[in-house]
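Numbering (the working numbering), first residue to last: 75 to 209. The beta-carbon is built from N, C-alpha and C at its ideal position, and this holds for glycine as well. Fair warning: this is a prediction, and the values are worked out from it, not measured in the lab.
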């Protein structure tokens, strides 16, 4: 298991300065769709790396973050078979996008992803996820 101080998780993709909010979200959705490739929980680790500092403060350690993705509320995101994205709503420093996923068991759920560019830290000016809300 990862130590809560392991940020970013070295084995997982990280935010890139050239990615806008749509690309940052797509990288997370793609990783979550195939969660255990190339290693177990690689998709969840990618989502953790894309979580903003404020989001990580709210969720706590990586282990707690990973448990959230295994909870009934967020489990449809992991290994989902389809993700249909709505329009990107973007202001200068924030973006939101609704995503309807079909989970591996056929269950659908809609989430609103809220993203903003980091203002400090190793991913300054990179778009990161502030919140994922069930709608």
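Counted within 10 angstroms of its Cβ, other Cβ atoms place residue i as buried (16 or more) or exposed
i           : result
residue 204 : buried
residue 199 : exposed
residue 123 : buried
residue 114 : exposed
residue 161 : exposed
residue 128 : exposed
residue 195 : exposed
DSSP bridge partner residues for residue i (one or two, in chain order)
i           : result
residue 209 : Paired residue(s): none; residue 209 is not in a bridge.
residue 190 : 202
residue 172 : 186
residue 133 : Bridge partners of residue 133: none, in fact.
Supposed close pair residue i, residue j - CB separation, criterion 8 angstroms
i           : j           : result
residue 121 : residue 105 : 7 angstroms
residue 197 : residue 89  : 4 angstroms
residue 125 : residue 202 : 6 angstroms
residue 169 : residue 91  : Contact doesn't hold; Cβ gap of about 16 angstroms is too wide.
residue 83  : residue 119 : 5 angstroms
Simplified DSSP assignment, three categories, for residue i
i           : result
residue 181 : coil
residue 120 : helix
residue 86  : coil
residue 101 : helix
residue 111 : coil
residue 164 : strand
Q) Do the region 140 to 155 and the region 174 to 187 meet, that is, are 3 or more Cβ pairs less than 8 angstroms apart? A) yes
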